[in-house]
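K.L.:
Residue numbers (our numbering), protein chains in the order written: chain A, 6 to 394; chain Z, 849 to 988; chain R, 40 to 203.
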Amino acid sequence: MSYGSIIKVPFGPQHPALKEPGNFLFEVDGEIVVDVKPRIGYNHRGVEKAFELRTYIQNIYLAERICGICSDAHTTCYTQAIEELLGVEAPPRARYIRVIIAELERIHSHALWVGIAAHEIGFDTLFMYVWRDRETVLDMFEMISGNRIHYAMNTIGGVRRDIHADMVSKIKKGLDLLEKRLKYYLNVVQTEQTILKRAVGVGILKPKDAVDLCAVGPTLRASGIKNDVRVDDPYAAYDEIAFNVITHDGCDVLSRILVRCEEMLESIKIIRYGLDSMPEGIIRVQVPMKVPQGEVVSRVEAPRGELIHYAKSNGTTKPERYKVRSPTLGNIPALCKMLLGGYVADIPIVLAGIDPCFACMDRMAFVDVKKNKEWVWTMQQLRRKYAKK
Amino acid sequence: MNLFKWARTKSPWIIHFNTGGCNGCDIELTAALTPRFDLERFGILLEGSPRHADVLVVTGPVTLQVKDRLVRIYEQMPEPKHVIATGTCAISGAPFKECYNVHGGIDIVLPVDAYVPGCPPKPEAIIDGISKLIQKIKKE
Amino acid sequence: MEKENEIVEKLKDFLKEKLVRATVPKKRRIFIYIKKDALKDAMKYLVKDLKFKHLSTITGVDLGGEIEVIYHLAHEGSIVLSIRLTVSEKNPSIPTITDLIPGAVLYEREVHDLLGVNFEGHPDLSPLVLPEEWPQGVYPLRKEHELEHLREITSKKSKREERN
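1. In terms of residues, what are the limits of the beta strand (DSSP E) holding residue 63 of chain R?
2. Round the Cβ separation of residue 246 of chain A and residue 279 of chain A to the nearest angstrom and send it over; I've been treating them as touching at under 8 Å.
3. Please report the Cβ distance between residue 109 of chain A and residue 145 of chain A, rounded to the nearest whole angstrom; I am assuming they are in contact, meaning their Cβ atoms lie under 8 Å.
4. Could you tell me the alpha carbon to alpha carbon distance between residue 367 of chain A and residue 908 of chain Z, rounded to whole angstroms?
5. Output yes if chain Z places a C-beta closer than 8 Å to the C-beta of residue 335 of chain A; else output no.
6. Under the DSSP definition of a beta bridge, which residues are partnered with residue 865 of chain Z?
7. Hey, could you find the ends of the beta strand (DSSP E) residue 70 of chain R is sitting in?
8. Answer with buried or exposed for residue 244 of chain A, where buried requires no fewer than 16 other C-beta atoms within 10 angstroms of its C-beta.
9. Pull out every residue of the stretch 897 to 922 of chain Z whose Cβ sits closer than 9 Å to any Cβ of chain R, in chain order.
10. Using 8 Å as the limit for Cβ to Cβ distance, is residue 54 of chain A near chain Z?
11. What distance in whole Å lies between the Cβ atoms of residue 89 of chain R and residue 46 of chain R, which are believed to be in contact at a cut-off of 8 Å?
12. Any idea what DSSP makes of residue 114 of chain A, helix, strand or coil?
13. Consult DSSP for residue 270 of chain A and reduce its assignment to one of helix, strand or coil.
14. Please confirm if the stretch 85 to 97 of chain A is in contact with the stretch 293 to 311 of chain A, defined as three or more CB-CB distances below 8 Å between the two stretches.
15. Which term fits residue 968 of chain Z, buried or exposed, when burial requires 16 or more other beta carbons within 10 angstroms of its beta carbon?
16. Going along chain A, which residues have a C-beta under 7 Å from residue 978 of chain Z?
17. Under three-state DSSP, which class holds residue 324 of chain A?
18. Using three-state DSSP, classify residue 934 of chain Z as helix, strand or coil.
19. Cβ closer than 8 Å: which chain R residues qualify as neighbours of residue 216 of chain A?
20. Cα separation between residue 49 of chain R and residue 882 of chain Z?
21. Less than 8 Å between the C-beta atoms of residue 11 of chain A and residue 39 of chain A, yes or no?
22. Taking three-plus beta-carbon pairs below 8 Å as touching, is the stretch 908 to 918 of chain Z in contact with the stretch 51 to 65 of chain R?
23. Between the C-alpha atoms of residue 203 of chain A and residue 126 of chain A, what's the straight-line distance to the nearest angstrom?
24. Is there a Cβ from chain A that is less than 8 Å from the Cβ of residue 179 of chain R?
25. Since residue 186 of chain R contacts residue 946 of chain Z with CB under 8 Å, what's their CB separation in whole angstroms?
26. For residue 78 of chain A, list the residues DSSP reports as bridge partners.
27. Out of Z:965, Z:853 and Z:863, point me to the one whose CA is closest to residue 893 of chain Z's CA.
28. Does DSSP put residue 96 of chain R in a helix, in a strand, or in coil?
29. Could you list the residues in the stretch 121 to 149 of chain R with a C-beta less than 9 Å from some C-beta on chain A, going in chain order?
30. State the start and end residues of the unbroken alpha helix (DSSP H) segment that holds residue 146 of chain A.
31. Quick check: the Cα distance between residue 982 of chain Z and residue 877 of chain Z, rounded to an integer number of angstroms?
32. Residue 311 of chain A touches chain R at which residues, Cβ-Cβ below 7 Å?
33. Distance check for residue 125 of chain R and residue 348 of chain A, CA to CA, integer angstroms please.
34. With a threshold of 16 other CB atoms inside 10 Å of the CB of residue 891 of chain Z, please say whether the residue is buried or exposed.
35. Under three-state DSSP, which class holds residue 42 of chain A?
36. Taking the C-alpha atoms as reference points, what is the distance between residue 369 of chain A and residue 333 of chain A?
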């Protein structure tokens, strides 16, 4: 039913549900969202221009700091782009180490997200539990690289630090603990009414919309579409490792939670395999400072989805053009689609559902989709939809 | 020491605002609140509203667009108020210092009481920063 | 590489002389260079017939005097086809593809904001990435703007605020 008048509700940039600045202007009719107008340029720093002014070595550290949560995905993407331009290949051991770090990062990022999602629906117990267990992964990072966040593992031509035998046993021990806990959380997520009541049937994104709006990563996979850069366009050592691509066809927030929970278990399997079958040898090769002329498109499956970098070199020590497109930007049109027609109270959890990372996204864009008629529903359509219920 | 100061030093409430950083400091600050580090055992509580907070914890360099908002949040906080700059970006702008859309460290916009260096600082460092600020408030 | 070459052949047949250059540098990567007026037809053919449904992003590159716009399309997640065209810097204007791929809306606005490319028929090209006070006609990713120049604009803005 409609209450006649439309009320505008601003959300952010400082909001308890958003750990980062982002501003959403919602137009609501009663309890129902009829329009979304995201404005998220608060994190725009102009990193792409900075890339052009620094050397390839300096840019590794800049790429790392595009995002603090998926920093390894950005450096992997960056280094493999530059390696392709140089015509060198990382040694096999380095490629395996990259996979192990990437998957550890996926666990840490997804665990972080499950905690935040639980927090958004007022289930703080799960938030505290998950974040406590997430510390296991951060301890591993600290052991391997010396830092909990921004591990700086990748460099052009390989990785900077090796994983030694004594670390392997410690990582395995940590993984056993994590696996036990994650299975427990998967069970909690599927059975606990606190979550089911808030997540089932909320934030629907139909498969056709997901494809049309170019959604990526877990958001796309939760709409039942099998798409994963690790399988479709294998990089590092993923072509030598067998694993399942997790999909769920619920198209709602619960599916997104389940996809991420099961992906964490899959990541544990990949890490175990990687640790066991890691070949011996060197971990990095020397590379020249100057990069020959050329261009390259590099893709990586970051925790949030497809990450794509485009590099163009001009034969000097600095790139001519460097373009970064982070997964969150790809998911924003889909997010707006999910929010429309939903309840105001569901906004935080739907918003959290795509795992937004404004730091990544805002290096470039903020959004105003109001006038795009493609997915803005008319009031009549909305009323018809809710009259049926 | 009067009653108000006593209450404030026993339980300062903090508000967190990211002014354009990479997120690394944010998740470390959140990690400081979770069971391993448990900031709340010192009576420190993360608040959602600036009107309830005593300490503003800022992460990230100040981008052009966020500057006005940062000042507004600071103005909404009740007196006396304190600011902690967390992470190298908030201190000087760090890797983004030369970017066209970044002003630099937050001390060009707000008066800062404590700096916590690191990229990102570990949760222990953040806790240490807050406890040092409490010592400072006691002496005032 | 067979699949990639097959796609290139199909495109050559369809676009004929409007396709300037096509290269397959490695597995799962195709670079196509087309003439400006062929964009709409080529996109329609790629999306509808060759199933390049996913648009990864749009990149704009300043070549000096000319701006290159590159559309990175993905074929069911695996093959990445980068289709490119150039427009003159004085009148950079190309048709929008949001009617074919709704997900392109943000990428086009991003390129519009940072390089000043005008996408004809785009539903809303209002200024976006940069702050509201950003001067018109200054596109930060164009090579003519040195960083010092852009920093000057930034500092001017903050000085003006101080005076007010």
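Even glycine gets a Cβ: it sits at the ideal position worked out from N, Cα and C.
P.N.:
Looking at the atomic coordinates:
1. 58 to 65
2. 7 Å
3. 6 Å
4. In this prediction, residue 367 of chain A has a pLDDT of 46, which is less than 50 and means its spatial position is unreliable; nothing more can be read from the coordinates.
5. no
6. Z:906
7. 68 to 73
8. Result: exposed.
9. 911, 912, 913, 915 and 916
10. yes
11. The pair is a contact, with the Cβ atoms about 6 Å apart (cut-off 8 Å).
12. helix
13. Three-state DSSP puts residue 270 of chain A in a helix.
14. yes
15. Here residue 968 of chain Z is buried: its Cβ has 16 or more other Cβ atoms, across all protein chains shown, within 10 Å.
16. By Cβ distance, chain A contributes nothing, its closest Cβ being about 18 Å from residue 978 of chain Z, past 7 Å.
17. Strand at residue 324 of chain A.
18. strand
19. Those within 8 Å of residue 216 of chain A in chain R are 92 and 93.
20. 57 Å
21. yes
22. no
23. 7 Å
24. yes
25. 6 Å
26. In the DSSP output, where bridge partners are listed per residue, residue 78 of chain A has none listed.
27. Z:863
28. Strand at residue 96 of chain R.
29. 121, 137, 138, 140, 141, 142, 143, 144, 145, 146, 148 and 149
30. 129 to 150
31. 17 Å
32. 95, listed in chain order.
33. 45 Å
34. exposed
35. Strand at residue 42 of chain A.
36. With a pLDDT of 35 at residue 369 of chain A, under the threshold of 50, the modelled position of that residue is not reliable, and no figure is offered here.
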